[in-house]
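Peer 1:
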Amino acid sequence: MYKIEWDKETGGVLLSSKVSKETLGISPRPVWFEELDLLGLDKLGYVYPQSEAPLMWAVNKQYFYRGDLVFQAKGANLYDSATITIMPGFGNLELIPIDVKKMIERNRDIMFLLESEAIEFIRETFFIYSTASKKFNEIKANQLDFEAIAASIEQKQKRKMAIVKEECDSFDVMPLDIAEQQGKQRLLATKIDVFLASFSGGKDSQVVLDLCTRALPPSVFEVIYSDTGYELPSSLDLYEDVKRHYSALYPGLKFSTARNHASVLSYWDKIGTPSDTHRWCCSVMKTAPLYRSLKVQGTNKQAKVLTFDGVRAEESARRGNYERMGKGVKHSTVVNAHPILYWNTSEIFLYLFSYALPINDAYRLGKSRVGCITCPYSSEWDDMIVSRCYGAELEPFISRIYDWSKQEGVKDLEVYLKERKWKFRASGKFMKISTQVNFKNSPNNFYAQVKSAKLPITAWLPVLGEFTLFNISNEFHGDIKYKNTVYSFEIKGNDTDYTFYIKGIKDLSLISLLKRVIYKAAYCINCESCEVECPTGALSVFPKVNIDLTKCIHCHKCLNFHDRGCIVANSISMTTETNIKAKAGIDRYNTFGLHEEWMSEFLLNPTEFWDYNGLGPKQVPSFKNWLKEAEIIDAKLNLTEIGNVLSEIYVDDPNLVWSVVLTNLAKNSFIVNWFLTHIVPGQIFDKNSISENISEEYPVYGKRTVDNAVSALFQLFKYCPTDSAFAIAEEIEGKQYRRKSFEDLSDTALAYSLYRYAENVGYKSFRVSDLKDSKSELGPFVEFGISLSGLEKILRTLNSANNRLLVAELNMGLDHITLREDVNPISILKTLI
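Letter by letter, the sequence shown follows residues 313 to 1145 of the numbering used here.
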C-alpha cells in the first residue's frame, strides 16, 4: 500500500506515501540467521549473531544489508544447495541485527493509518452483515432467498442486479447501476450464520486474525485451521502457539481444526499428484473440510459464512484483480472479505514485529510464502529448504513421485524431480485407470457407455430432477423431469458397467448436466468437495452419497461447481483423453509442416492435385494427414463439406481459410493442440524445451518420435503465411521463439471458432469467462491468443449485424454469449459462397 525505502541507520525499511529515487520496486522480506546458516554464509567469511531479530533483507534471491546488495543466491533445488555470489567489497562482513524497535518507531504513524483502515473495514463489514442477518431473522418478509431472486432476474433481464438494504430494514433487489446511482448499501448475502477468521499458519492470515481480535468481540467470530496433511511442522507448531496466545487473552474465542476424513496420500493414490493445471488438493484437503464442518445447528444445511482472509494483491497477478469483497470465490455459500488486500510484504512483517507476534519458523529459514510441504506452485528454492529442514515429512511425497515416474519409464529421475517437472503432468498421468466414460451423441439422442463406475448412476441422478425408475425384463426404464418436460430413459447393464440412453432430447443444457451426473457417478470417491455447494443440506457425501429428496431443489450447484461436475473426473478423465489423442498420431508428418504453397496449390485445383504436384514422395503422406486433420479431405482423399467451402472462398479470403484450418487443427492435431494449450502468448520457447516437455508428459514415446512431431510444428511456423492466424510464433534470437497473439481475426473466423467450441462443450450458451478458463475445450483465446478487448470488439460487431449469428451481452458486468440453434460451423462458411 505504501512505498518502501531502505533505512541504513536501523538496517530496516521506511514506509512512505511518496515516490522518490530511493523507492524500491519490490517489497523486501526480512532475513534471519537460520537462512544464512542454510546458505552457508558462516563458512564464507560472514560473521553474525544468532539473534531473534533479522539481520538483513532479501528481494527474490538478492540479499541487502543496510541498503547495499551484498550477495546473490542462484540455483538451489531438491538435491542441490544454492550457489552464492558475494558482491565485490562485501566479503567477510560482520552483521549487526536490525534495530527492530527503532524501525517500528519510525514507521509507527503510517502503520497506525494502515491498521486503522483495516480494523475499520472489518468492523464495518461485520456490522453490515450481522445487522442484515438480524433483520433476516426478525422480519418474515426478509426471509426470502434474495440471492436466488437476484440471479433469476439477471438471467431473465440480462442485467446485473444487486441486493440492497432499505431504510425500513427490508431488503430489495434492483439493477446494480441504479443502486450505485442512489447510493444504496449493497449486500452479497442477506444472512450470515458464521463469521470466520481463516488461519493457515502463514504471516498474512496471522495478521488478519490479530486485526479481527482488535476489531471484534471474541464471541462473534471463530478461528478454523485446515490441517491438509501437507502442513509444515512449523505451521502446526505455530497454530498451537497462536491458540494458546489468544485463548489466554480472549477465553471466549473459539478455535477448531478441520480435516478431510482421508489422508492426502490416499487421494494421491486415487487421483494422482496435483499439478499446475489440476490443483485439486486445495479444494479437497483445505476449503471443503473447513466449510463442511460449519453446518446450521441441528441440520445438515451448509452454513452461510463470511470469512476474513489474508489474500493480498501483491502475491499474484490474478489476486491483483480481486475486489475487497467477493462471493462464491471458491464455494457458493461463502463471502470472502480481504482486509489486507493492498498490504505489501514489508508492511506485514512490520505489523508482526510491532505486536511481538510469533512468526512461523519457515520464514526464518528463507521461505517467502508458507504453504504446503510440497506444491506444484512452489519453487525449487522451496524444495531446497523443505528437503533440508523437513526431510522426513517430505519423503513420503517424493518417494511416491519417484516410484510412479520410474514405473512409467521417465529418464533422468533426479533431474525430473529437482526441476519439478512432475508438476507439468496431467494429474492422473501415472494412474492405472479402469473407469471409462464414452458419449455418443446424435441429433436429438443422448447415449453414454460407462465401465467400472464407482457408483450406480441412480446415486446422483436425483440431483438432476424428479424421476421414476422401473424394471422391465432386467432393463431399467424411467422418466425424468427437466424444465417441465419429461424425458424417457433406459439403463442396460449393472451398477458398474452400463449404457444410458435418452431419445428425443433437444435441450443442450440437459445434455451437459447429464454428462456431469454420469461423470460424478463414474468417478466419485466421496472427497466432500461438492457437498459444501448444496444450499439446502440435501446432499451428504461421506461416508456414502445420500440425497434427501425432501430438501433437494435441483439447483445443480453440486453439478456446476467444477468442470465435468467432479474434481476427480476432471483430473483423471482429461488425462485419459489426452493420452488417447496422443496415441492416435503424435508423429504423422515425417518432420514436414503444413506449407502455404501446398495448401494454395491444392485448394485452387483439388481434383487434379494428387496427379500433378511438386511434392516429394515423403511429403505427400504428410500433407494428406495435415489436410485430414484440418477436416478438408476424408480418408478417401475426397473433399469434405468444409473442404468444398474452403476451396470456393480461398481466392477471395485466404486469411479466413487459414483461421478455420487453425481452429480445426487445434482440435484434431496432437502437436498443434499441445502447443496452443501449453504455450501462452508472450511465452518464450525453443525446440528442445517443447520436445522435453512433451516427452515428460508422454514418456511412452521415444525421443525421435517426439522430435519428429516438434520439427513438423516448427516447419508449420516457417512455411505458413505470416499475415494469417498461423503467425503464432516469431523468432526472437538464435533459436528462440515467442508465442504471438493474433488480433486481426475476422468476424466470420471468430463465429466459426465459437460454434466449434459449442460443439465441443455440448451447449450454445456460455460466458466469455468460460472461454478463458477452459483450455481443454479450446476456443478463440487458446487458438488465436486474442486479447479480451479484441474479442469483445468483434463480439459487439457480430451482435449488431443484421443477420446476427449470436447474441453477446457484454454490458453491466455481464459476459454472456448465446449462439443460434439453427446455425452450425459449416453454415457460417456457406453464407460467404
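In this text, a Cβ means the ideal position worked out from N, Cα and C, and glycines have one as well.
Once you ignore the five residues that flank D319 on each side, which residues in its own chain have a CB closer than 7 Å to its CB?
Peer 2: Excluding residues within five positions, the ones whose Cβ falls inside 7 Å are V325, L326, M415 and R418.
Peer 1: Taking C-alpha atoms, which residue in K979, S1001 and L916 lies nearest to D964?
Peer 2: When each option's Cα is compared against that of D964, the closest is L916.
Peer 1: Go to F345, then tell me how far its beta strand (DSSP E) extends in each direction, as first and last residue.
Peer 2: That residue, F345, is in no beta strand (DSSP E); its alpha helix (DSSP H) goes F345 to L351.
Peer 1: By the 10 Å Cβ neighbour count, where 16 or more other Cβ atoms means buried, how is V749 classified, buried or exposed?
Peer 2: Label assigned to V749: buried.
Peer 1: State yes or no: is the C-beta of I991 within less than 7 Å of the C-beta of L1025?
Peer 2: No.
Peer 1: Going by DSSP, what residues sit across from A649 in a beta bridge?
Peer 2: Note: A649 sits in a beta bridge opposite F620 and M637.
Peer 1: Beta-carbon within less than 8 Å of V485's beta-carbon, same chain only, minus the 5 sequence neighbours each way: which residues are those?
Peer 2: Correct list, in chain order: F458, I461, A462, I465, M473, A474, I475 and V476.
Peer 1: Report the partner residues of L1118 according to the DSSP bridge assignment.
Peer 2: DSSP output for L1118 lists L1131 as bridge partner(s).
Peer 1: Among residues of its own chain, excluding the 5 on either side of K1076, which ones have a beta-carbon nearer than 7 Å to its beta-carbon?
Peer 2: Only L820, A1070, T1130, L1131 and E1133 meet the Cβ criterion.
Peer 1: Using beta-carbon positions only, say whether I431 and L356 come within less than 7 Å of one another.
Peer 2: Not closer than 7 Å, so no.
Peer 1: Can I1138 and E941 be called in contact, C-beta distance under 7 Å?
Peer 2: No. Outside cutoff.
Peer 1: Evaluate contact between the region 610–618 and the region 652–662, counting only Cβ atoms and requiring at least three cross-stretch pairs below 8 Å.
Peer 2: Not touching, per the Cβ criterion.
Peer 1: Is it the case that the Cβ atoms of E843 and R1079 are separated by a distance below 7 Å?
Peer 2: In this structure, R1079 does not lie closer than 7 Å to E843 by Cβ.
Peer 1: Looking only at its chain, what residues have a beta carbon closer than 8 Å to the beta carbon of S746, apart from the 5 residues adjacent to it on each side?
Peer 2: Closer than 8 Å at Cβ, skipping near neighbours: K763 and S764.
Peer 1: I'd like to know whether the C-beta atoms of Y831 and Y759 end up nearer to each other than 7 Å.
Peer 2: Taking 7 Å as the Cβ cut-off, Y831 and Y759 do not qualify as a contacting pair.
Peer 1: Please name the residue or residues paired with R1079 in a DSSP beta bridge.
Peer 2: DSSP output for R1079 lists H1128 as bridge partner(s).
Peer 1: Following a CB-centred definition, is N872 positioned closer than 6 Å to any heavy atom of the ligand SAM?
Peer 2: Ligands are entirely absent from the displayed structure, and the ligand SAM is therefore not among its contents.
Peer 1: Would V519 and Y675 be called neighbours here (beta carbons separated by less than 7 Å)?
Peer 2: Result no, Cβ atoms of V519 and Y675 do not sit closer than 7 Å.
Peer 1: Does the distance from the CB of C870 to the CB of E845 come in under 7 Å?
Peer 2: Contact: yes.
Peer 1: Based on the DSSP secondary-structure assignment, which residues constitute the bridge partners of I475?
Peer 2: I475 pairs with V485 and L499.
Peer 1: Taking the C-alpha atoms as reference points, what is the distance between T770 and N1114?
Peer 2: Between T770 and N1114, the C-alpha separation is close to 47 Å.
Peer 1: How about the region 1055–1063 and the region 958–973: do they share at least three Cβ pairs that are nearer than 8 Å?
Peer 2: Segments in contact, yes.
Peer 1: DSSP three-state label for I837, please.
Peer 2: DSSP places I837 in coil when its eight states are reduced to three.
Peer 1: Can you give me the Cβ contacts of L1107 inside the same chain, cut-off strictly under 6 Å, excluding the 5 residues immediately before and after it?
Peer 2: Closer than 6 Å at the Cβ level, and outside the excluded window around L1107, lie A1120.
Peer 1: Under the DSSP definition of a beta bridge, which residues are partnered with L327?
Peer 2: Per DSSP, I316.
Peer 1: Looking only at its own chain, which residues have a Cβ that is under 7 Å from the Cβ of L861, when we skip the five neighbours before and after it?
Peer 2: Correct list, in chain order: P774.
Peer 1: What is the DSSP secondary structure of G790, reduced to helix, strand or coil?
Peer 2: Here G790 sits in strand by DSSP.
Peer 1: Can you grab the Cα-Cα spacing for the pair R471 / N1136, in whole Å?
Peer 2: In a straight line, the C-alpha of R471 is about 28 Å away from that of N1136.
Peer 1: At what residue ranges does the region 709–775 contain a whole run of the alpha helix (DSSP H), taking only runs of 4 or more?
Peer 2: If we require 4 residues or more, the alpha helix (DSSP H) runs fully inside the region 709–775 come out as 725–730.
Peer 1: Suppose you measure from the CA of A363 to the CA of W369; what does that come to, to the nearest Å?
Peer 2: Checking the displayed sequence, the identity of residue 363 turns out to be Ser instead of Ala. The alpha-carbon atoms of S363 and W369 are separated by roughly 15 Å.
Peer 1: Scan the region 566–625 and note each continuous alpha helix (DSSP H) run of 4 residues or more that stays entirely inside, going in chain order.
Peer 2: The region 566–625 contains these whole alpha helix (DSSP H) runs: 576–583 and 600–604.
Peer 1: Verify whether the separation of the beta carbon atoms of P601 and R571 is less than 7 Å.
Peer 2: Yes, they are a contact pair.
Peer 1: To the nearest angstrom, how far is the alpha carbon of V532 from that of H650?
Peer 2: The straight-line gap from Cα to Cα measures roughly 18 Å.
Peer 1: Taking only the alpha-carbon atoms, compute the straight-line gap between Y579 and N1072 and give it to the nearest angstrom.
Peer 2: Rounded to whole angstroms, Y579 to N1072 spans 29 Å at the Cα level.
Peer 1: Give me the Cβ distance between H866 and G777, rounded to the nearest whole Å; I'm assuming they're in contact under 8 Å.
Peer 2: That pair is a contact at about 5 Å.
Peer 1: Does A444 come out as helix, strand or coil in the three-state DSSP assignment?
Peer 2: Helix.
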